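In what follows, a single structure is set out as structure tokens and then discussed.
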Amino acid sequence: MLRRVYIDVLAQFHGGRVRPVSLTLEDGRRYVIDRITDVRRAPSKSGGAGLRYTCVILDREVALYFDEWENVWWYDSRK
2 MLRRVYIDVL AQFHGGRVRP VSLTLEDGRR YVIDRITDVR RAPSKSGGAG LRYTCVILDR
62 EVALYFDEWE NVWWYDSRK
């Protein structure tokens, strides 16, 4: 079962749109987002929904979610 892991995200706001630039995990590790390949409203596998950003970080595809109402970022984790 997947669970939501809330993370800190550094994001840029431009022209009314938000774009994540980097993220910091719970343990303090920070990763720069190399590129964003897709943005769409989508359900999360851990429940709920938000804007899903399909990102590439260190050649690995990662889905980040942004809840516009609660202003929180998360990813789904098996751990």
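Numbering-wise (our numbering), the sequence shown opens with residue 2 and increments by one.
Virtual Cβ for every residue (Gly too), placed ideally from N, Cα, C.
These numbers come from a predicted model, not from an experiment.
Taking T25 as the centre and dropping the five residues before and after it, the same chain places the C-beta of D9, R31 closer than 6 Å to its C-beta, in chain order. Membership of G51 in the beta strand (DSSP E) is indicated by the continuous run 50–58. Scanning its chain for C-beta atoms nearer than 6 Å, with the 5 sequence neighbours on each side dropped, one finds around D39 the residues T55, in chain order. With contacts defined as CB atoms closer than 9 Å, W75 and P21 fail to qualify as a contacting pair.
Per the coordinates, the alpha-carbon of K46 lies some 21 Å from the alpha-carbon of I34.
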